[in-house]
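**Student:** A single structure is presented below for examination.
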Amino acid sequence: MTYMFKYDTVHGQWKHHEVKVKDSKTLLFGEKEVAVFGCRNPEEIPWAAAGAEYVVESTGVFTDKDKAAAHIKGGAKKVIISAPSKDAPMFVCGVNEKEYKSDIDIVSNASCTTNCLAPLAKVINDRFGIVEGLMTTVHAMTATQKTVDGPSSKDWRGGRAASFNIIPSSTGAAKRLLARCSQSLTES
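Those letters in the sequence shown? Residues 766 to 953, by the numbering used here.
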């Protein structure tokens, strides 16, 4: 794990301070201790004992409220899902963050696509109104895509090597937030 913090193909080498292993459950970033857990099930992670109140769920696995609630069983007070969720309330800064109430324990911060489009769409809709629109996004390669051709459970295009292909895909992320703007917005 320390190797991955020190060296990153995209971001380059970590140069801020030394990263090293203190013991089997602790990394040192300079003098700052960071607890490391190797639990497959989030409810087994001792969040409260580690002093963690807010957990950012970024695995892409626990994206609905029931699954994300496992972090709360582990002692977290709040969970922020860093992906769209089918049932957790979704908040995007500049769009609807003022609707958040402190009694909500699990929220979604939507997707990168939604965070790019929704604030702009809100400004345009609030000022001028949106009658009809079409959204197209071009996204960099992601960790869920294939590095070489192989089978895909989604569709045949998803099985193509991402670094050599433009792979069409759909996103439902913006639908709930953009529904407020207009019923005639579509995604491509």
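Ideal Cβ placement from N, Cα and C applies to all residues, glycine included.
Using the Cβ count rule (16 or more neighbours within 10 Å means buried), how would you classify residue 934?
**Tutor:** Within the sequence shown, the letter at position 169 stands for residue 934. Residue 934 is exposed by the Cβ-count criterion.
**Student:** For the candidate residues 795, 839 and 828, whose alpha-carbon lies nearest to that of residue 815?
**Tutor:** Within the sequence shown, numbered from 1, the residue matching residue 815 stands at position 50. Selected option, being the one with the closest Cα: 839.
**Student:** Measuring only the C-alpha atoms, how far is residue 907 from residue 868?
**Tutor:** As a working mapping, residue 907 is identified with position 142 in the sequence shown. As a working mapping, residue 868 is identified with position 103 in the sequence shown. Roughly 33 Å between the two C-alpha positions.
**Student:** Tell me where the alpha helix (DSSP H) around residue 833 begins and ends.
**Tutor:** In the sequence shown, counting from the first residue as 1, residue 833 sits at position 68. Where residue 833 is concerned, the enclosing alpha helix (DSSP H) stretches over 830 to 838.
**Student:** At which residues does the beta strand (DSSP E) containing residue 791 begin and terminate?
**Tutor:** Locating residue 791 in the sequence shown gives position 26, counting from the first residue. Where residue 791 is concerned, the enclosing beta strand (DSSP E) stretches over 791 to 794.
**Student:** Grouping DSSP H, G and I as helix and E and B as strand, with all else coil, what is residue 886?
**Tutor:** By 1-based counting over the sequence shown, the position of residue 886 is 121. Here residue 886 sits in helix by DSSP.
**Student:** Out of curiosity, what's the CA-to-CA distance linking residue 767 and residue 909?
**Tutor:** In the sequence shown, counting from the first residue as 1, residue 767 sits at position 2. In the sequence shown, counting from the first residue as 1, residue 909 sits at position 144. Near 23 Å, if we compare the C-alpha coordinates of residue 909 and residue 767.
**Student:** Considering only the alpha carbon of each residue, which of 804, 781 and 805 lies closest to residue 795?
**Tutor:** Numbered from 1 along the sequence shown, position 30 holds the residue referred to as residue 795. Measuring from the Cα of residue 795, the nearest candidate turns out to be 781.
**Student:** What does DSSP give as the partner residues of residue 855 in its beta bridges?
**Tutor:** What you label residue 855 is simply residue 90 of the sequence shown in a count that begins at 1. Bridge partners of residue 855: 873.
**Student:** Report yes if the CB atom of residue 843 is closer than 8 Å to the CB atom of residue 829, and no otherwise.
**Tutor:** Locating residue 843 in the sequence shown gives position 78, counting from the first residue. Locating residue 829 in the sequence shown gives position 64, counting from the first residue. In this structure, residue 829 does not lie closer than 8 Å to residue 843 by Cβ.
**Student:** Taking the DSSP output, what are the residues bridged to residue 920?
**Tutor:** For the purposes of this step, residue 920 is taken as the residue at position 155 of the sequence shown. The partner list for residue 920 (beta bridge, DSSP) is empty, contrary to what the question assumes.
**Student:** Compare the beta carbon distance of residue 873 and residue 835 with 8 Å and say whether it is the shorter of the two.
**Tutor:** Translated into the one-based positions of the sequence shown, residue 873 becomes position 108. Translated into the one-based positions of the sequence shown, residue 835 becomes position 70. No, the pair does not count as a contact, with Cβ atoms beyond the cut-off.
**Student:** Closer than 7 Å by C-beta to residue 770: which residues in its own chain qualify, once you throw out the five before and the five after it? Chain order, please.
**Tutor:** By one-based count along the sequence shown, residue 770 stands at place 5. Hits under 7 Å: 779 and 784.
**Student:** Any contact between the region 881 to 899 and the region 855 to 867? By contact I mean 3 or more CB pairs, one from each, below 8 Å.
**Tutor:** A contact exists between the region 881 to 899 and the region 855 to 867.
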